[in-house]
Amino acid sequence: MKKAILIIVIILFLDQFSKIYMKTHFVLGEEFKVFGFDWFRIHFLENNGMAWGTEFGGKNGKLFLTIFRLIAIVGIGYWLHNAVNKQAPKILIVAIALIFAGAMGNIFDSVLYGILFSDSTGQIAAFLPESGGYATLFHGKVVDLFYFPFVENAELPAWIPEIQFNWPDWIPGLGGKHVGLFVDRHFTFFQYVFNVADASITTGVAILLLFNKKAFPKKEPTEPAENIVPPVVVHHYEKPKE
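Quick note, the sequence shown lines up with residues 44 to 285 if you use the numbering used here.
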């Protein structure tokens, strides 16, 4: 359990330190290259939704997502506690700890950042502003900052079709919204902006997928006790000599 707690503490510290630093030192949308590399940049973004900048259904969707995250964290925490108590493989415990830490990191933003910071649009955010934060409890935005555009503004091959559709009206939060895929024939890889928590969750899931057999080893079947035949002991007696 100590190693799991250490992983969680380190991830949470790195995640929250980097996010708070961005909020208190940069304006939303500000970007700079790390060591002059075009493919490694710090780009300050905020999103209302899930990992890797995906969004979900406005204010109601945001509240639903935050509550869902809280429930998920309880479930993941129970999973981790159970795995430690049952002395599960270390690789499984590490993976769950990474997922738990990442989920915790992003839930801090969603629950608290709206009341702790002022808006970052056009200005550097203030911590605990007198006029109040930029949002209410449970409606904070998740801070993203790492950007790795390895391939930028490349043209899509002609054989990739353009896809457009509208979500059905009955889908909560998404109904009626238009989706266009590959409409812009130019793309950037990797275009997502993410944070330490996102990377932690992704790493934990990747470990479970890549090392599935080690994380979830199959138990050797044991024969029921009633089917086990006890060994036969043969005693040899010598006839006494007359």
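By construction, the Cβ of each residue, glycine as well, lies at the ideal position given by its N, Cα and C atoms.
Name the two residues that bound the continuous alpha helix (DSSP H) containing Y177.
-> Secondary structure note for Y177: it is in no alpha helix (DSSP H), with a DSSP letter that is neither H nor E.
Considering only residues of the region 229 to 263, which uninterrupted alpha helix (DSSP H) runs meet the minimum length of 4 residues and lie entirely inside it, listed in chain order?
-> For secondary structure counted as the alpha helix (DSSP H) over 4 or more consecutive residues, the region 229 to 263 holds these complete runs in sequence order: 239 to 253, 255 to 258.
Relative to the alpha-carbon of G175, which residue among T164, G157, S163, I214 has its alpha-carbon at the smallest distance?
-> Considering only alpha carbons, the answer is G157.
Extent of the continuous beta strand (DSSP E) run through I203 | Unbroken run through I203: none, as it is neither H nor E.
Examine the Cβ distances between the region 217 to 233 and the region 189 to 207 and report whether three or more of them are shorter than 8 Å.
-> These segments touch.
Quickly, what does DSSP pair L223 with across the bridge? List them, please.
-> Looking at the sequence itself, residue 223 is Gly, so the reference to Leu does not match. According to DSSP, residue pairing for G223 in a beta bridge involves Q207.
Give the straight-line distance between the Cα atoms of L57 and G183, rounded to the nearest whole angstrom.
-> Each residue's CA atom was taken as its position, placing L57 and G183 some 19 Å apart.
Reference H124, options K257, F151, K46, closest by Cα | If you compare the alpha carbons of K257, F151, K46 with that of H124, the shortest gap goes to K46.
Between the C-alpha atoms of A258 and I142, what's the straight-line distance to the nearest angstrom?
-> The straight-line gap from Cα to Cα measures roughly 14 Å.
In terms of alpha-carbon separation, which member of P215, H68, L49 lies closest to F160?
-> In terms of CA proximity to F160, H68 leads the group P215, H68, L49.
Could you name the residues that DSSP lists as bridge partners for N90?
-> In the DSSP assignment, the residues bridged to N90 are V185.
What residues match up with K76 in a beta bridge as DSSP calls it?
-> Beta-bridge pairing links K76 to R84.
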